[in-house]
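**Q** Residue numbers (the working numbering): 154 to 324.
Virtual Cβ for every residue (Gly too), placed ideally from N, Cα, C.
Mind looking over this structure? Questions follow.
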Amino acid sequence: MKTFLIGYHTFLDWLERASLIFAMVLTALLFLNTASGIVADRITGNSLVWVEELNNLFFAWAVFVGAGVIARHGGHIGVDMVYELLGPRMKTVFRIIYMVMALIIVWVMVFYGVKMALFVGKYQTSLYLDISLFYYYFSIPVGGALLGFFSIGAALPDPRNAPPVMQFSGG
């Protein structure tokens, strides 16, 4: 079991790095695209009509990929005050409950996200660039899958990390 946990957390480390790089590139493209639209508007007096379409695409992917990564580090909204008052067993129970609830949300995001992406992508494209809306909506199931992987990883112990050593200050 320890070998599996080490392998799974190593996989999550790689997946997290790749996801963060992807989200950072998308955020940079979002900035550059917006800046180019502003510069073009100021110089020519006419806006680039496709800037908003690309920004929506970049933003959707950055948000859903980022939301998955945040789940690994407990960055989503939670009530820490109650959790910190619990004993070790109840904390384990709460982590399991969190994982089960997260996996239900993951299932909804992946199952219905794929259905929606396939349906919308079959019939609709963006107005100016003629990009299939499949690429916009497919960010939902991808983000859901990342949320699933990272939620499971957050609930499982990481044997690579030694338990914290308690330090007492003298004095």
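If you draw a straight line from the C-alpha of THR278 to the C-alpha of GLU169, how long is it?
**A** If I take the Cα positions, the gap works out to 31 Å.
**Q** Cα separation between ILE305 and MET252?
**A** About 6 Å.
**Q** Classify SER200 as helix, strand or coil using the three-state DSSP reduction.
**A** Here SER200 sits in coil by DSSP.
**Q** Residues in its own chain within less than 8 Å of ILE284 by CB, not counting five upstream and five downstream?
**A** Only GLU206, LEU210, THR278 meet the Cβ criterion.
**Q** Candidates ALA213, LEU299, ILE250, ARG313: which alpha carbon is nearest TYR289's?
**A** Of ALA213, LEU299, ILE250, ARG313, the residue nearest in Cα terms is ALA213.
**Q** Can you tell which of TYR236, TRP167, PRO312, ILE258 has its C-alpha closest to the C-alpha of ARG248?
**A** The residue with the shortest Cα to Cα distance from ARG248 is TYR236.
**Q** DSSP puts THR278 in a beta bridge; with which residues?
**A** Answer is SER285.
**Q** To the nearest angstrom, how far is the alpha carbon of PHE217 from that of ALA181?
**A** Approximately 16 Å between the Cα atoms of the pair.
**Q** Check PHE226 in the structure and name its three-state DSSP category.
**A** Going by the sequence as given, residue 226 is His instead of Phe. Residue state, collapsed to three classes: coil.
**Q** Pick helix, strand or coil for ASN314, following the three-state DSSP scheme.
**A** ASN314: coil per DSSP, three-state reduction.
**Q** Rounded to whole angstroms, what's the CA-CA distance from LYS275 to ASN199? Just pull it up for me.
**A** Taking the straight line joining both Cα atoms gives about 32 Å.
**Q** So, using beta-carbon positions, are GLY296 and ALA220 closer together than 7 Å?
**A** Yes, these two residues count as a Cβ contact at 7 Å.
**Q** Measuring only the C-alpha atoms, how far is PHE291 from THR197?
**A** When rounded, the distance between both Cα atoms is 35 Å.
**Q** Could you tell me how far apart the beta carbons of PHE287 and LEU271 are, in whole angstroms, since I believe they sit closer than 8 Å?
**A** Confirmed, Cβ separation roughly 7 Å.
**Q** Measure how close the beta-carbons of VAL204 and GLY190 come, nearest whole angstrom, since I'm counting them as under 8 Å.
**A** Confirmed, Cβ separation roughly 4 Å.
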